[in-house]
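Per my numbering: the sequence shown = residues 26 to 89.
We treat Cβ as the ideally placed atom computed from N, Cα and C, and that holds for glycine.
Computed from a predicted structure; not experimentally measured.
Worksheet for the structure shown next.
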Amino acid sequence: MTPGDPFARPAPEVIEVTGHKVKCDGGGGALGHPVVWYDMGEENFVECLYCDRRFVLKPSSEGH
Numbered sequence: 026m027t028p029g030d031p032f033a034r035p036a037p038e039v040i041e042v043t044g045h046k047v048k049c050d051g052g053g054g055a056l057g058h059p060v061v062w063y064d065m066g067e068e069n070f071v072e073c074l075y076c077d078r079r080f081v082l083k084p085s086s087e088g089h
């Protein structure tokens, strides 16, 4: 992508969390999406399939 590219998308939002299970509603109240829950399993992150938000486990929470 180049600067001024009309197809450029902003980088997805990254949210640090303390647990492996996260909830996403897209934010923005009525402009969000249905509530979905994700479990990171063995990974340290998960991405929302609706809005591409990335939930990242905080380093201090990795042992949980």
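Next on the checklist: Rounded to whole angstroms, what is the Cα-Cα separation between proline 84 and glycine 44?
Outcome noted: Whole-angstrom Cα-Cα distance: 11 Å.
Checklist entry - Since lysine 48 is in the beta strand (DSSP E), which residue starts that stretch and which ends it? => result Where lysine 48 is concerned, the enclosing beta strand (DSSP E) starts and stops at 46-49.
Checklist entry - Ends of the beta strand (DSSP E) at tyrosine 63? => result Residues 61-64.
Item to check | Residue of Leu82, Glu38, Phe32 and Gly52 minimising C-alpha distance to glycine 66 | outcome: The candidate whose alpha carbon is nearest that of glycine 66 is Leu82.
Checklist entry - Distance, Cα to Cα, valine 71 vs aspartate 30? => result Straight-line measurement puts the Cα of aspartate 30 at about 28 Å from the Cα of valine 71.
Next on the checklist: Using only CA atoms, which one of Glu38, Pro35 and Cys76 lies nearest to valine 60?
Outcome noted: If we check each option's Cα against that of valine 60, Cys76 comes out closest.
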